[in-house]
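The block underneath contains the structure these notes are about, expressed in structure tokens.
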Amino acid sequence: MGEVDGEREPVRAADSESPSTSPWSAPSRPPLARDAGWRPTRGAPGGAPASGVSGPGARQPLGGGPERRSRAGRPAQAEPLLGRREGGGGRFGPQTGARPAPRAFNQLALGSYNEKLVIESIRQAVSTSRVEIAERTGLTPQAVSRITRNLLTSGLLTEDARRLGGAGKPRVPLRLRPDAGSAIGVHLDPKMITVVAVDLCGDLLDQRHLLLPEQPDPQWCLAQMTRLALESAEAARPASEALLGVGVAVPGPLDSRAGLLLDPPLFRDWKHVELKAELATRLDVTVVVEKDSTAAAIGERWLGAADRADDFVYLYLGAGVGSGAFLNGDVYRGRTGNAGEVGQLCAIATGWLTPEGGPKLVPECAPTSTVVERARAAGMVIPPGDAAYEWVCAAAAGGDLRAVTVIEEVARVIGLGAAGLIDLLDVELLIIGGPAVLPTVADIYHRQIAAAVNGFPMARHLREVEVAQSHLNRAAAAVGAASSVFHEVFTPSLGSRTRTAHPDAV
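In structure tokens:
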């Protein structure tokens, strides 16, 4: 038996805790750095438009630096993205999310849960020793020793250089291997499809975009999503051989369990589109479908804000406005996966009601289009095309008071809806992100929304709400979709997809 508190353990597959059930397999090829640039092009339903141009380059952390974009360099393949791995490479079971500091559930049948518990502990700490894992999870040192040996053998973990841990022998930190797994994230937006490939440690391996025509046909969009996912998986293959699945982020309403896109307001002809079944058949991999704002929250938890708070709300601003929430350390989807709609809260707060007293669609809850329309109404001469919103934001950053005023008005109404969320959920952290929150105007949105969520809620005298910028920002939904795959595969949970973990697991 290997030591837990100091000596490096001999790696022996035969002595692992659950060798027959562990799904992890080591990638057969080393990482290969790549780099690229991209220019999104508008698609037309009659053909297969290019999504950009591919090229070699280096991996880029999601938390900083310029956005990394690569372009398609190979034709889409008819074969599956990657072959399934034996012993766990097929479809994954239901998910819910991580609870704060989950503890071991010591029953023999839960080796898989305890493996995930160890992985979650290492992921949150980035690099940690076996002793620290045992202290954090409540597992015995012997169990931690067996599980980590198994994960080292399978190639999911690697050992860092020894570090001193007080009295006794130096401890050997463990961390996840970035090339041990990757996921594809697809974001379907009314104006654009965004596809990313992300490795297990949060590095962006590939990113590509496709501008959409007005009211695109669902089947045409599915074909483009398939093509882009195939190309992105192929581009990421040298850096991470094991593809864990494809996550898809879409605007609601949806049936997240069945993967059905029901009747989204900005997609006129999309009614009961079977996204999950269609893409799973076309790609032959696990497919997870999430509401876009929920996916953004999962991405922030996995790759951005894991150290910020166990409870937070992610306010997502794009073509529409929505929110995703982590409550008690667990993603909250609601019964159908549609939790987090903000528009009706904005309508009620501003009195934007129908003659019958019901909430109407608030213009400010479509920030990218409303900002442009009101800027034009204020006398600004804005170039036509898809960059109109960016143009207004640049004008605001340059001091144009008309542009600043328009964005402030939109942000103020969104802030009123966010204040309702804070009253409802009583959280201390609100994260703002999404395609509308460009760096040029992030401070304007931040000021107006922070003033609302700290000025109007009932409990404002008891706690101050921290309003923070998303680490993922414009790519939040796509990266969050990829993170949803990691969340499903690795997060310890004993409950169903829409419920918290089993109470005995604490």
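In my numbering, the protein residues as written are 52 to 557.
For every residue, glycine included, the Cβ atom is placed at its ideal position computed from N, Cα and C.
Here Leu190 really is in contact with Leu168; their C-beta atoms are around 7 Å apart, less than 8 Å. Residue state for Pro410 is assigned as strand, using DSSP reduced to three classes.
Between Leu311 and Lys327, the C-beta gap is smaller than 9 Å, which places the two residues in contact.
Here the alpha carbons of Ala519 and Ile483 stand approximately 6 Å from one another.
Taking the Cα positions, Lys242 is about 23 Å away from Ala447.
Within its own chain, the residues whose Cβ lies closer than 6 Å to the Cβ of Trp403, once the five positions on either side in sequence are excluded, are Lys411 and Val413, listed in chain order.
For the pair Lys342 and His538, the Cα-to-Cα distance works out to about 15 Å. Apart from sequence neighbours up to five positions away, the residues of its chain that approach Val443 with a beta-carbon distance below 8 Å are Val422, Val423, Ala426, Met431, Ile433, Ala454, Val457 and Ile458, ordered along the chain.
By the C-beta criterion, the region 484-498 is judged not to be in contact with the region 186-205, since fewer than 3 inter-stretch pairs fall below 8 Å. Contact between the region 174-189 and the region 220-237 is present: 3 or more CB-CB pairs across the two stretches fall below 8 Å. Distances from the alpha-carbon of Asn379 to those of Pro221, Asp477, Ala280 and Glu210 put Asp477 closest.
Per DSSP, the beta bridge partners of Ser374 are Leu366. Under the criterion of beta carbons closer than 8 Å, His238 and Ala529 qualify as touching, at roughly 4 Å. Annotation note: the region 454-527 contains the following uninterrupted alpha helix (DSSP H) runs of length 4 or greater, listed N- to C-terminal: 493-506.
Taken through DSSP and simplified to helix, strand or coil, Glu210 comes out as strand. Between Glu392 and the set Gly408, Pro302 and Glu441, the nearest pair of CA atoms involves Pro302. DSSP, read as helix, strand or coil, puts Gly298 in strand.
Under the DSSP assignment, Ser172 falls in the alpha helix (DSSP H) whose first and last residues are Gly162 to Ala176. Excluding five sequence positions before and after Thr209, the CB atoms of its chain that fall closer than 7 Å to its own CB belong to Arg226 and Arg228, given in chain order.
When DSSP states are grouped into helix, strand and coil, Gly232 belongs to the coil group. Note: Lys342 is bridge-paired with Val301 in the DSSP secondary-structure output.
Per DSSP, the unbroken alpha helix (DSSP H) holding Met276 starts and ends at Pro269 to Ala287.
Take the alpha-carbon of Pro289 and the one of Leu368: they are about 34 Å apart. In the displayed model, Thr405 falls within coil according to three-state DSSP, outside both helix and strand. Glu329 is bridged by DSSP to nothing; it lacks a bridge partner. Bridge pairing for Arg427: absent [DSSP]. Looking at the backbone, the Cα of Ile173 and that of Thr204 are separated by about 16 Å. According to the DSSP assignment, Leu202 belongs to the alpha helix (DSSP H) that extends over Pro192 to Ser205. Annotated three-state conformation of Leu311 is strand, per DSSP. In the structure shown, Ala445 adopts helical secondary structure according to DSSP, grouped into three states.
With contact defined as three or more Cβ pairs closer than 8 Å, the region 326-340 and the region 269-281 are in contact. Among the bridge pairs identified by DSSP, Gln258 is matched with Val247.
Contact between Ser307 and Val340 holds, since their C-beta atoms are separated by about 6 Å, short of 8 Å. In this structure Ser233 is in contact with Leu251, their Cβ atoms being roughly 7 Å apart against a cut-off of 8 Å. Only buried fits Pro267, as 16 or more other CB atoms lie within 10 angstroms of its CB. No Cβ-Cβ contact shorter than 9 Å links Pro435 with Ile465.
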